[in-house]
Amino acid sequence: MQAALDPNASVEIKKRPLKVAPSGTIPDQLVSKETISSEFIATNTRSKQVINQRKKTPSVREPASGTPAPRDVALERLRMRVAQTLTTYMRRPLNTVDNTPWEVMHGFIAFGIPTKVRVGGPRGDLVNAIGWMNMAGRCRGQVMLAALDDHFIAMKGFGVQGHAAQYLAILAQSRVAKESPISIGSKSFTVMDLIREEQKSCRSNTELTFALIGLAHYLPTDETWTSRDGKQWSLEKLVEEELEQPIRGAPCGGTHRLFGLAYGCQRRRHATGTLDGAYVRAEKFVRDYQLMTLTRLQNNDGSFSTEWFKYPADRKDDIDRKIQTTGHMLEFLVGSIDQESLYNSRVTRAVSFLANALLSDPKREWKIGPMCHALHALTIYQERVWGVVLPGGVAAFHGPMKARSPNAPQLANDKKGPDSRSAKSPSSENKGTATR
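When the letters of the sequence shown are read in order and numbered with the working numbering, they come out as residues -12 to 423.
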């Protein structure tokens, strides 16, 4: 089973087309290799139908309009280094015996739909990782998804989701289509059913970071809904709620919260051409953190503070910590800064640090979460700067969030517009902001 591609994503396939993985996958190591469930075969068939339907209805893609990458020897070397790093780590698949659903989920945030996992151990057969998870395949004895009467949920706890709506957010960042099938035992669902479940689960004064990322990706920006407790919700309300939550002390230093706010603004601007309401405040807030990160929190080696956004710090003898903080902070930056800023020396130094650190010790047992977020940062950078993705991959960004060809005609609004202004450093205790 292969996850279907999101028709709203900007697609850039290299070398081979997206295709459904062959049937014959075993549910887990306890089932004989000769056993193939009828549910799995049926799910494979539905996935093929979704992909075939996509082929018949081509999507309209907004042309890339960002400033093209400069012709520079150093940037060309960086391009090759990033590509080498990503290719090296894509050849290190996780497996269903040693790795939990949480770890496998992080595996496909790095590489998206093409991600593979080995079933039955380090030497097991390679299958599509998202397809495996979406058919409730077991990883280290656990499943990510569980059916409850007429609906299903993504589990939360040790080895599964660490945060509410985290699985949906990672499916969104992997550009999995909302029509993509999900099979749990004899019951059939789609990603859209998970979207509806996360809409119903929204509650004020709780962590809504991953709900914002997932719902902003899949829903129209003007959609409203009613949660399970009877409250009215919208994407703008999610933005408002997240702005009231802290950055410092938030999971992963608050990087995911900033990424979610930035992504919500991107989707709103893409839908309406401008920002309004809470989105205006969110954009300024995000830009303040962008500027602070690049001007106050970068170490001499290109890495970012090992104390997140709290203050400058460099644990020089702790490479795992440096990968953790730099990977997350760069992921936020390259997913949100203006196209021209991607070529700034401060950004390229951070990209170079990550690529070199990971490539210098490819057999090291890095912590999977930090490693995969670092790889995701490199993947985003590769997509936005060079318009290149690994074989079978999907470009994550569209329109102004991606460089046009160096030979394309100059656009009048390349240097000006709502994305070209600078920002001030965030104040530490402003009321109504995420640093309070």
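Every residue gets a Cβ at the ideal spot worked out from N, C-alpha and C, and that includes glycine. Quick caveat, the model's predicted, so the values are computed rather than measured.
For a quick check, are the C-beta atoms of residue i and residue j less than 8 Å apart?
i      : j      : result
Leu62  : Gln369 : no
Ala116 : Thr102 : yes
Leu199 : Val226 : yes
Lys218 : Ser191 : yes
Gly53  : Ala390 : yes
Tell me whether residue i sits in a helix, a strand or coil according to DSSP, three-state version.
i      : result
Gln71  : helix
Leu202 : helix
Gln285 : strand
Ile157 : helix
Lys103 : strand
Trp119 : helix
Ile171 : strand
Cys189 : coil
At the level of alpha carbons, what is the spacing between residue i and residue j?
i      : j      : result
Ser328 : Ala164 : 30 Å
Asp263 : Lys271 : 12 Å
Val321 : Arg333 : 12 Å
Glu294 : Thr259 : 37 Å
Met92  : Arg308 : 21 Å
Arg254 : Arg162 : 14 Å
Leu365 : Asp304 : 23 Å
His315 : Glu231 : 21 Å
Glu352 : Leu81  : 12 Å
Arg64  : Gln277 : 25 Å
Arg127 : Arg58  : 47 Å
Judging by CA-CA distance, which residue of the options is the nearest neighbour of residue i?
i      : options                           : result
Asp348 : Ser173, Gln71, Gln219 and Gly240  : Gln71
Thr313 : Tyr330, Ser332, Ile324 and Leu281 : Leu281
Gly172 : Gln160, His138, Gln232 and Thr242 : His138
Leu346 : Gln186, Val106, Gly322 and Ala361 : Ala361
Glu228 : Leu278, Arg268 and Ile355         : Arg268
Leu222 : Gln148, Ala265 and Tyr276         : Ala265
Leu275 : Leu206, Phe319 and Leu341         : Correcting the residue identity first, residue 275 is Asp in this sequence and not Leu. Considering only alpha carbons, the answer is Phe319.
Tyr154 : Asn343, Asp209 and Phe95          : Phe95
Leu317 : Glu194, Thr242, Ile182 and Lys224 : Thr242
Gly356 : Thr54, Gly146, Trp212 and Gln232  : Gly146
Ala151 : Cys126, Leu181 and Cys359         : Leu181
Ala134 : Arg64, Gln148 and Ser170          : Ser170
Glu197 : Glu166, Ala249, Ser167 and Phe176 : According to the sequence provided, residue 197 is Phe. The question's Glu does not apply to it. Looking at the Cα atoms, Ala249 is the closest of the given residues.
Met131 : Thr211, Thr87, Tyr205 and Ala203  : Thr87
Val338 : Met388, Arg68 and Trp373          : Arg68
Counting C-beta neighbours from all protein chains within 10 Å, is the total for residue i 16 or more, i.e. buried, or is it exposed?
i      : result
Ala159 : buried
Ala156 : buried
Phe186 : Per the sequence shown, the amino acid found at residue 186 is Gln instead of Phe. By the neighbour-count rule (16 or more Cβ atoms within 10 Å), Gln186 is buried.
Pro207 : exposed
Pro299 : exposed
Leu113 : exposed
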